[in-house]
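Asker:
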Amino acid sequence: MIKRLLLVLLVSAASASGQTTPFGTKAKANAATAAETASATKGASKAVEEEVDNSVVITPFRPLTPAEAKTSRTFQLSKVNKFGFTETTKELQRLYSAFATQRIIDGSPAGSSKATGYLATVNYALVQDLGDNRFLAKAAWPAAGPNEVLAAGADTMAVLLLEKPAKVGDTGKITGMHVGTVALLFTANYAPLTGKRFTLRREAFVECATLEDSPTGLQKFVETVNAGAEMSATTDEQVACKKCGGFGQIREPQKGSLTDKLTPCAECIKGKVVISVETKFIP
Ligand SMILES: [Zn+2]
Numbered sequence: 015m016i017k018r019l020l021l022v023l024l025v026s027a028a029s030a031s032g033q034t035t036p037f038g039t040k041a042k043a044n045a046a047t048a049a050e051t052a053s054a055t056k057g058a059s060k061a062v063e064e065e066v067d068n069s070v071v072i073t074p075f076r077p078l079t080p081a082e083a084k085t086s087r088t089f090q091l092s093k094v095n096k097f098g099f100t101e102t103t104k105e106l107q108r109l110y111s112a113f114a115t116q117r118i119i120d121g122s123p124a125g126s127s128k129a130t131g132y133l134a135t136v137n138y139a140l141v142q143d144l145g146d147n148r149f150l151a152k153a154a155w156p157a158a159g160p161n162e163v164l165a166a167g168a169d170t171m172a173v174l175l176l177e178k179p180a181k182v183g184d185t186g187k188i189t190g191m192h193v194g195t196v197a198l199l200f201t202a203n204y205a206p207l208t209g210k211r212f213t214l215r216r217e218a219f220v221e222c223a224t225l226e227d228s229p230t231g232l233q234k235f236v237e238t239v240n241a242g243a244e245m246s247a248t249t250d251e252q253v254a255c256k257k258c259g260g261f262g263q264i265r266e267p268q269k270g271s272l273t274d275k276l277t278p279c280a281e282c283i284k285g286k287v288v289i290s291v292e293t294k295f296i297p
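Residue numbering for the sequence shown follows the working numbering, starting at 15 and increasing by one per position.
1. How is glycine 194 classed by DSSP in three states: helix, strand or coil?
2. Going by CA-CA distance only, name the one from Glu281, Thr248, Lys269 that's closest to glycine 259.
3. Assuming glutamate 217 and threonine 189 form a contact by the criterion Cβ under 8 Å, report the distance between their Cβ atoms to the nearest whole angstrom.
4. Would you say the segment 98 to 106 touches the segment 118 to 128, given that touching needs at least three Cβ pairs under 8 Å?
5. Taking the DSSP output, what are the residues bridged to glutamine 252?
6. Among all residues, which have a Cβ less than 5 Å from at least one non-hydrogen atom of ligand 1, and in what chain order do they fall?
7. Going by C-alpha to C-alpha distance, which of Leu91, Val163, Glu226, Arg148 sits closest to leucine 175?
8. Name the one or two DSSP bridge partners that tyrosine 138 has.
9. With a Cβ-Cβ cutoff of 8 Å, do aspartate 143 and lysine 181 count as a contact?
10. Using a Cβ distance threshold of 8 Å, determine whether the segment 84 to 98 contacts the segment 204 to 220, with at least three qualifying pairs required.
11. Using CA coordinates, which residue listed in Asn240, Leu133, Thr224, Thr213 is at the minimum distance from glycine 159?
12. So alanine 291 packs on threonine 249, CB below 8 Å; how close in whole Å?
13. By the three-class DSSP mapping on this structure, what secondary structure does lysine 210 have?
14. Per DSSP, which residues does alanine 241 bridge with? Please list them.
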């Protein structure tokens, strides 16, 4: 389902006469100039002069940075709350909450799929209708992803693909999946750029729904894993810094001195580093 949405987002809505190559617009301008020259002598076709290119072309510009975890570990359901193991109900609940926010509800047999981009709550005000439920919007969203790979937006123009029809001026809030930066070639119809045809490069989001973080959801999740489904959640975890051994400072013996020289470790904060960890669930 998401794939279909992405196709809709990226598919060119160009009319039959729309230009899709970087040189298309220029070629058309040249044609218009040539037509003007011709009309001076023998009154050639007015159609070329009056033609207005209102096509909307959305193409991928910069793909999203994949959410790759730095390290992975397993969480064994059968060990939960067993003496001598780290698996606890509380930890399972925490990881399930993360899992739920990283899954997109769709038409797949499992009922949901792993989100391929960062999910963020996007507040928006629609500025221009681009057709096919795609909109140019003034938007705001918090930073997302490991080490905030997706920077926060504040009063930022973005391209949105909404689930339901909407109109210019509408404001709202969606759960949006970031699908990277797109190049949007269009003719603006909002002040002060009305009538100006140009290309904007902006972050794009597809509206989606995530799994509900509820006891019922957790129970179903446990059953799915026990039935053999491969599930994982990615979280940011604080771990001890390897460089300084969690001490937070680097110790250097000084010649002729009984005390060591201490320099703060450049790779951590007080001995801790935050890394992205993928937890795979096993029965
Ligand atoms: Zn360190």
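All residues carry an ideal CB built from backbone N, CA and C; glycine is no exception. Keep in mind the model is a prediction, meaning the values are calculated, not measured.
Answerer: Considering the structure as presented:
1. Here the question's residue 194 lines up with position 180 in the sequence shown. Strand.
2. Start at 1 with the first residue of the sequence shown, and residue 259 comes out as number 245. Taking only the C-alpha atoms, the option nearest glycine 259 is Glu281.
3. Counting from 1 along the sequence shown, the entry for residue 217 is found at position 203. Counting from 1 along the sequence shown, the entry for residue 189 is found at position 175. With a Cβ gap of about 15 Å, glutamate 217 and threonine 189 do not count as contacting.
4. Counting Cβ pairs under 8 Å, fewer than three are found: no touch.
5. One-based indexing of the sequence shown puts residue 252 at position 238. Looking at the DSSP output, glutamine 252 shares a beta bridge with Val288.
6. Any residue whose Cβ sits closer than 5 Å to a heavy atom of ligand 1 makes the list: Cys255, Lys257, Cys258, Cys279, Glu281, Cys282.
7. In the sequence shown, residue 175 corresponds to position 161, counting from 1. Checked all of Leu91, Val163, Glu226, Arg148; the closest Cα to leucine 175 is Arg148.
8. The residue given as residue 138 occupies position 124 in the sequence shown. Note: tyrosine 138 sits in a beta bridge opposite Ala153, Gly186.
9. Position 129 of the sequence shown holds residue 143. Position 167 of the sequence shown holds residue 181. Closer than 8 Å, so yes.
10. No, the segment 84 to 98 does not touch the segment 204 to 220.
11. As a position in the sequence shown, residue 159 is number 145, starting the count at 1. Comparing Cα positions, the closest option is Leu133.
12. Position 277 of the sequence shown holds residue 291. Position 235 of the sequence shown holds residue 249. For the sequence presented, residue 291 should be read as valine rather than alanine. Sure, about 6 Å apart at Cβ, within 8 Å.
13. Within the sequence shown, the letter at position 196 stands for residue 210. Note: lysine 210 maps to coil in three-state DSSP.
14. Within the sequence shown, numbered from 1, the residue matching residue 241 stands at position 227. Answer is none; alanine 241 lacks a bridge partner.
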